[in-house]
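Scroll down for the structure; my scribbles are underneath it.
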Amino acid sequence: MAEARAEVRKEDLVNLVQDLFSEGRVDYFLGYQPGTVKFKTTPLIIKKGEDIQKLAVDDYGHYNLTFYLKEIKGRVGILVKGCDSRSLLSLLREGQIKREDLYIVGLPCPGQIDPKKIAAALSCEPEDLEQIFRRGREMIAKVGGQEKTVSLTQALLEKCLACRYPKPLVFDTLLSGEYTAPISPMKRPEDDLRPKPAAEKWAFWSAQFERCIRCYACRNICPACFCPRCLVEENMPQWISPLPSKGDNFLFHLMRLMHVTGTCVSCGECERVCPMEIPLMKLNEKMNDDLKELFAFMAGVDLEKALPFRTYHQEDPDDFIK
Amino acid sequence: MYLKISRENLRKWLTELKKGAEVLVPEKVNGLWTYTPFQGQDPLPNFLNSRIPPKSVFFPSMQALVEWKSSGGSVQLRSLTPAAGPKVLFGLRPCDARGLRILEPVFSQDNQDIFYGQNLSRTLLLGVACRRPCPGSFCEQMGIDPQAAKDFDLSFREITQGFIVKVITEKGGKLTGGGVFFTEAAAKEWEEARSEIKNKNETLSFDLEKVKTRVGERFTDEEFWMRVSLKCLNCGICTYLCPTCHCFDICDLQIPGQGIRFRCFDSCAFPGFTKMAVHNPREEKWRRYRQRVSHKFNFFPQNFQNVACVGCGRCVVHCPVNLDLRQVLLAISG
Amino acid sequence: MNEQVQEKNIYHPHLMEIIKVIPETGDTKTFHIKFQDQTLAKSFSFLAGQFAEYSVFGEGEATFCISSSPTRLTHLEFSVKKVGRVTSALHQLNEGDLIGFRGPYGNHFPLDKLRGQNLLFVGGGIGLAPLRSLIHNVVDTREDYRQITILYGARTPQDLCFRYDLEAWVKNPTLTMVPTVDAGDKNWKGKVGLVPMVLEELKPSPVETVAITCGPPIMIRYTLKALDKLGFTPPQVWTTLEMKMKCGLGKCGRCNIGPLYVCKDGPVFSLEEIRNFISDEF
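Residue numbers (numbering that gives the first Met the number 0), protein chains in the order written: chain A, 0 to 321; chain B, 0 to 333; chain C, 0 to 281.
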């Protein structure tokens, strides 16, 4: 059996945060604690003097905490995985946060577990899963008292199967552990829409957007959605109706997609939080693919490249304006 | 009165009912459990509870109220009616049924809202008792018995051979009439079919009575509300998935010459909910969170006797940041 | 068949024709409207203080008090300050255009508490709109009330609303009308001063007097302070509160202050009730 990945030690993190507070380096620290329901982790926002022992790094799912930087200003310590660090870079690139305000702690990530995928692979409901744990490089799920093995491909979030940046691209310190992609080589999802004909894509998204209830969780958790006043909140003119009709839902999601182009790093949070299970990442992946192909650009990997959707030159062709 | 029915006969009976009513049963669609028209399948698969609560059958996320056509200087206005025809809703859980009853006076008191009221009065609620706890749920702490019957028209309890049924209302009883699919059962069989829920989470249990008395006292504790709501995302998931939330917006959709006025879900968690031209009384997030909890546990009961929460657990499980209402209630009652 | 449905559909607005548009100030207009349906026009009644939801089809609904008096039912009046989408749409309308009307909603000024008392009206800006419904009402039944004083102000003479009413009230020997502006111009001959300050100068007696005040929030705040200084107790002071509303009838859950709904338990509240509000969010 292959050796288990080296695990992050909680004491390392706790001691680090302790030092950060006592040195007065940060006012807040953004980390995680165990959730209150199975297989869930929850963000933890700690101020100096609060109980640091609540901090935990477990196996289930670690949010991209970057979105809190939209709201929590000042000097902030933040725990980031490789993929999250790209959000930080893209926000830094766009002047939304200041590097000197942040103390960035890198977190090694063995891939985030998706209980829904495991349940689907085992033909049961997520509530039927009693336990999920790793044994070496395998994933074990306990259902009806029995242990069943699932592959990492079956157990991890889709985005983790295409992990390009397991190691944070920007950090002040790295917690000790293994910084490698959980799966290699990267895999494309089986139900990839990209090669399908347009009519099929239209039918697919029509069905999906009929179900959107406009809770705006996708928008609110997205670090790239940093507009203080969202387009949807504008009613003079009313660009998008607040009604969750199919047409307006289409408009909302596609306009949001266009607005985050160049800042979205495919962190996958929008899809994770959607209560209606709409596979929003398919849209983001397509957009990011096109961005790479047309502009040779990838968001959140450096601080130098010109942002394709924020850069304007006098000489830019405008023959599309009729 | 008590009856018995086999699984197969249940399927046949619902098929028969389909001839005279729209029959809705739980089905997994696109990865989500939802109530959809019955197509002859096993009406109760491995189902815990629906994602969107069944309140959406009576209070959908988009409801057309009035439509008009305008030409020249004139306007022809036409009222739209709630969908005609009786419905049968099978597979309802005690918490959601309670939620429907809790919402009833909101829509029926002073100025009756026919969209909710007529819909509900034409629907038969066939409930199924729960045998497993839903993640995040705390229905029993809200005074709801997962094996309870009272809010249904017919209440089903699963046994190996099928179901034992308790007839609660007259119209429920009428539905079972004819003796073709149902056979009589004894009260004892109903009692024996009761199953205690296993694997309850006791660590987050709070005293509802203490919450009700103390949530008003806590109102002015700004620091408390700021602390508990700090990680809230201001999205609408908890409100839209809640069986007892009912806030709505009224919106017009117009194309040249005609239009429709709709009502749609709205959320007190949204920053723009109370925004007026001049100011917004609930600009800060903690005010909105305080409003949500205080409304459900303090203000709503003052107007409608019931606490506006049934402990179904949907907000706990689906909150993107796992802001757990149980922890907040525990902190309030402690 | 549709009439039966219509009767039961609480969201169904009645069609109203605009019969007159009066520009009050740069951003405020008053609309005179009448029911298209004559039977409705004959059977309609309301009480001073009540409001309605007025709609521009395709734009939405907005809440305004009914500012005409219940004693004058040839038509209804309401006034609109242009601040957003629906109000801007209303400002585009002319005589002959049709709007929707749902009402009357809300509670009303407690006439039983006003009868036999002296009345002191304190208004500012567009806040005169709900007050004038009551003022016309009591003027039309003058014998039921004792001394009536109306103190009304705006920022400048151009911002004074309902000038035709102000002129009539100045001329009316049974009332004391005191107009004021925060800043006068070369033609202004009346008082110059903020409403709460002029109120203190006037020194109205609180004995057997009821004060009713409406206006911008800041004016109300200072007016309430001034009334308190003058010896008015909370049960003697009445005002109307404004909250964002949608349904207007207590279903959509938006306009609540604690357990009270401004659309059902208000918009008219006494200062005593307001003091007992659990929340300061209004």
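Note that the Cβ used here is the ideal one computed from N, Cα and C, for glycine as well. Being a predicted model, the structure only gives us computed values, none of them experimental.
Against chain C, does residue i count as a neighbour if the rule is that its beta carbon must be under 8 Å from one of theirs?
| i | result |
| --- | --- |
| P59 of chain B | no |
| Q304 of chain B | no |
| C308 of chain B | no |
| N234 of chain A | yes |
| K54 of chain B | no |
| L240 of chain B | no |
| H245 of chain B | yes |
| L102 of chain B | no |
Counting C-beta neighbours from all protein chains within 10 Å, is the total for residue i 16 or more, i.e. buried, or is it exposed?
| i | result |
| --- | --- |
| M0 of chain A | Annotation note: pLDDT 36 at M0 of chain A (below 50); position unreliable, no value reported. |
| F37 of chain B | buried |
| L302 of chain A | exposed |
| C246 of chain C | buried |
| G235 of chain B | buried |
| V179 of chain B | exposed |
| Y215 of chain A | buried |
| V127 of chain B | buried |
| V231 of chain A | buried |
| K228 of chain C | exposed |
| L293 of chain A | exposed |
| G76 of chain A | buried |
With a threshold of 8 Å between beta-carbons, can residue i be considered close to chain B, or not?
| i | result |
| --- | --- |
| S265 of chain A | no |
| A1 of chain A | Low confidence applies to A1 of chain A: its pLDDT is 42, below 50, so where it sits in the model is not reliable enough to give any reading. |
| P258 of chain C | yes |
| I17 of chain C | no |
| F276 of chain C | no |
| V20 of chain C | no |
| K7 of chain C | yes |
| H90 of chain C | no |
| G249 of chain C | yes |
| T148 of chain A | no |
| E272 of chain C | no |
| G59 of chain C | yes |
| G95 of chain C | yes |
Of the choices the options, whose alpha-carbon is the least far from that of residue i?
| i | options | result |
| --- | --- | --- |
| I65 of chain C | C:G59, C:E58, C:G57 and C:V79 | C:V79 |
| N297 of chain B | B:W224, B:M275 and B:F218 | B:F218 |
| G246 of chain A | A:C217, A:W204 and A:I220 | A:W204 |
| D83 of chain A | A:Q52, A:K9, A:Q111 and A:A119 | A:Q111 |
| I212 of chain A | B:F303, B:P59 and B:G271 | B:P59 |
| L203 of chain B | A:G34, A:M286 and A:K141 | A:G34 |
| D11 of chain A | A:V104, A:D58 and A:N63 | A:V104 |
| G214 of chain C | C:P103, C:V194 and C:V177 | C:V194 |
Given residue i, which residues of its chain have a CB within under 7 Å of its CB, disregarding the five upstream and five downstream residues?
| i | result |
| --- | --- |
| E16 of chain C | I32, K33, Q35, G95 and L97 |
| F56 of chain C | G99 |
| S293 of chain B | V214 and F218 |
| K284 of chain B | S228, C231 and N233 |
| V28 of chain B | T35 |
| C318 of chain B | I236 and C237 |
Could you tell me which residues DSSP pairs with residue i in its beta bridges?
| i | result |
| --- | --- |
| G123 of chain C | C:G152 |
| L43 of chain A | A:G30 |
| V74 of chain B | B:S69 |
| F89 of chain B | B:L125 |
Strictly under 8 Å for the Cβ-Cβ distance: is residue i near chain A by that measure?
| i | result |
| --- | --- |
| P255 of chain B | no |
| M0 of chain C | Note on M0 of chain C: pLDDT 47, under 50, position unreliable in the model; the coordinate value appears next. By this cut-off, M0 of chain C is not an interface position. |
| S87 of chain C | yes |
| C263 of chain B | yes |
| C234 of chain B | yes |
| G83 of chain C | yes |
| C250 of chain B | yes |
Got a sec? Which residues, its chain only, sit under 8 Å from residue i by beta carbon, not counting five neighbours each side?
| i | result |
| --- | --- |
| D139 of chain C | S68, T70 and R71 |
| Q116 of chain C | Y144, R145, E207, T208 and V209 |
| V7 of chain A | V56, L106, P107, L174, S175 and G176 |
Ignore the nearest five residues each way along the sequence and tell me which others in residue i's own chain have a CB closer than 6 Å to its CB.
| i | result |
| --- | --- |
| Y178 of chain A | P107, P165 and K166 |
| V320 of chain B | K230 and L232 |
| L119 of chain B | F57 |
Just checking residue i against the ligand MN - is the residue's beta carbon closer than 7 Å to any of the ligand's heavy atoms?
| i | result |
| --- | --- |
| P109 of chain C | In terms of ligand content, the structure shown is empty, and the ligand MN therefore cannot be addressed. |
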